[in-house]
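One structure below.
In the working numbering, the protein residues as written are 668 to 1071.
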C-alpha cells in the first residue's frame, strides 16, 4: 500500500507516477506544474487508487514523451487502472487546443480525442469521478478545428461521472465529457457544465466618442464571437442616431460597404444635437447572400467638450456710462446654442425692468450693451461672463471692471 498525504503541502513542477500499485491514496496535495511533462498524476495498471482532495494545476504548451515533442496536457492519466476513485479535487488544465488527434498508442486508430484534458482514462475499469471542480482552458489561439475535453474515456468499462462542476472554454469545440465509441457502462449524472456562449455573428458599433462640429470617421464591424468576421465582404451598413438614419447634405441615406467585416463613413460633421444626454447610435446591416440582415445594439454617444472655454475682456468706464460687454466661446466647433449672462461682483446685470439680461451665442460670440448705474463707486469690480448651454458644461471667465 502507498499513501501520499502532505496536509495541503505545495509542490512545483512535480509528477506523481505509480505503476502496478495497489491501494494507493494521493490526498491533500497541491501541485502546480509548468514543465514539459504531460501529466501531474499518472496511474498505470494500478488497483484501488484514490485521488482525493487535491489541488492540481497544469499549464503547459509543449511536452515530451521519451524525448519526443507532443502537445498533450492532462492533470490525471489512468492507464489500464481498476477501481479508481477521483473525488473532491480542484483540477485546472491549461494547454493547447488543436484539431482532434488519433490516439493510437493503446486503442483503436479510429478514435480521436483532444490533446488537452483534465482527466483521461484509457483501458480502465470501475472508475468513479465524483464531486470535482474541473477547469480546462486553451493556452493558444483557437482554430476552426480546435477542441478541448474535460473528461475523456477510451475503451473503459463501468465508469461513474457524477456531481462534478466542469468549466471548459477557449476552443472552437469544447466537450465536457467524451466517452468515445469504445467505452461501455458509463453513468453520467448531476454534473454542472459551464460552457462559453455559442459564437454567432453580431453587428457592433466601434465608434462612440465624438467632438461636436468636427468631422468624424464612424465605424461598425461584424464580429464572430470576439473577433471581426473578415470573411464578410458583401452588403452595406447604415447608421442611426436616436433612431434616425444618417443622411448626406442632399438628404440621401449614407451607406457604407462592408469590406473584411468592417464598414466606415468618413468626414461626417457631428451636429450639436448629438450632445444631448442619452443620445444613442446603432447600425443596420442590409443582409447579403453570406449573412442575414441584422441590427446592432444601441450604444450611448460620448461627446468630448474638454477643449471649450470662455473669455471676456477688461473694461474701464465711468459711472452712468454705457459699455459693451463681450465674450468669446473658444472651441473647435461653431457654437450657436446657449446663452451668456454677465455678473458684476457676483450679481447678474439686469435691464431697466429688473430682469436678468441673457445674451444668445452666435458663431461663438456674445455682445451686449449695458449702462452702468450712475451711483457706482469709483473702484475695481469683478466682471464675470457665464456660459450656459444644455450641450456644454458651465463655463466662466472673470476680468476687471474699473470705474473711474
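The beta-carbon is built from N, C-alpha and C at its ideal position, and this holds for glycine as well.
First and last residue of the beta strand (DSSP E) that includes residue i?
| i | result |
| --- | --- |
| residue 799 | Here residue 799 belongs to no beta strand (DSSP E), and DSSP marks it neither H nor E. |
| residue 817 | 814-821 |
| residue 710 | 708-711 |
| residue 717 | 717-719 |
| residue 907 | 903-908 |
| residue 862 | Per DSSP, residue 862 belongs to no beta strand (DSSP E) and is neither H nor E. |
| residue 1070 | 1062-1070 |
| residue 694 | 692-700 |
| residue 881 | Residue 881 -> no beta strand (DSSP E), and no H or E assigned at all. |
| residue 968 | Premise fails: residue 968 is in no beta strand (DSSP E) and is neither H nor E. |
Taking 7 angstroms as the threshold (C-beta atoms), are residue j and residue i in contact?
| i | j | result |
| --- | --- | --- |
| residue 820 | residue 814 | no |
| residue 947 | residue 960 | no |
| residue 922 | residue 901 | no |
| residue 989 | residue 1026 | no |
| residue 718 | residue 683 | no |
| residue 836 | residue 968 | no |
| residue 726 | residue 701 | yes |
| residue 883 | residue 764 | no |
| residue 699 | residue 679 | yes |
| residue 868 | residue 831 | no |
| residue 1074 | residue 1005 | Outside the displayed range of the chain (668 to 1071) lies residue 1074, so it cannot be described from this structure. |
From the DSSP secondary-structure annotation, give me the bridge partner or partners of residue i.
| i | result |
| --- | --- |
| residue 933 | BP columns for residue 933 are empty, so no partner. |
| residue 938 | Bridge partners of residue 938: none, in fact. |
| residue 961 | 952 |
| residue 1024 | Beta-bridge pairing links residue 1024 to no other residue. |
| residue 1043 | Paired residue(s): none; residue 1043 is not in a bridge. |
| residue 744 | 709 and 787 |
| residue 886 | 931 |
| residue 1015 | 1010 |
Taking C-alpha atoms, which residue in the options lies nearest to residue i?
| i | options | result |
| --- | --- | --- |
| residue 1053 | 753, 838 and 1010 | 1010 |
| residue 855 | 994, 796 and 876 | 796 |
| residue 955 | 857, 926, 932 and 983 | 926 |
| residue 980 | 949, 688 and 1048 | 1048 |
| residue 842 | 1033, 779 and 942 | 779 |
| residue 936 | 885, 851, 910 and 969 | 885 |
| residue 681 | 697, 692 and 690 | 697 |
| residue 893 | 999, 1008, 998 and 865 | 865 |
| residue 996 | 1061, 881, 1019 and 786 | 1061 |
| residue 861 | 880, 931 and 804 | 804 |
When the Cα atoms are used, what is the spatial distance from residue i to residue j?
| i | j | result |
| --- | --- | --- |
| residue 1017 | residue 1039 | 10 angstroms |
| residue 808 | residue 789 | 28 angstroms |
| residue 757 | residue 798 | 9 angstroms |
| residue 775 | residue 711 | Note that residue 775 scores 48 on pLDDT, short of 50, meaning its location in the model is unreliable and no value can be drawn from it. |
| residue 818 | residue 714 | 20 angstroms |
| residue 740 | residue 897 | 31 angstroms |
| residue 978 | residue 913 | 35 angstroms |
| residue 847 | residue 822 | 8 angstroms |
| residue 800 | residue 688 | 26 angstroms |
| residue 991 | residue 1070 | 14 angstroms |
| residue 957 | residue 918 | 30 angstroms |
| residue 753 | residue 853 | 15 angstroms |
| residue 1057 | residue 1023 | 19 angstroms |
| residue 750 | residue 793 | 5 angstroms |
| residue 686 | residue 784 | 21 angstroms |
| residue 998 | residue 942 | 14 angstroms |
| residue 1066 | residue 932 | 44 angstroms |
| residue 733 | residue 905 | Only weak support is given to the placement of residue 733: the predicted model assigns it a pLDDT of 42, under 50, and the value that follows is read from those uncertain coordinates. Looking at the two C-alpha atoms, the distance is approximately 59 angstroms. |
Mind checking if residue i is an interface residue toward chain B, Cβ cutoff 7 angstroms exclusive?
| i | result |
| --- | --- |
| residue 1011 | Checking the listed chains, one finds no chain B in this structure; it contains a single protein chain. |
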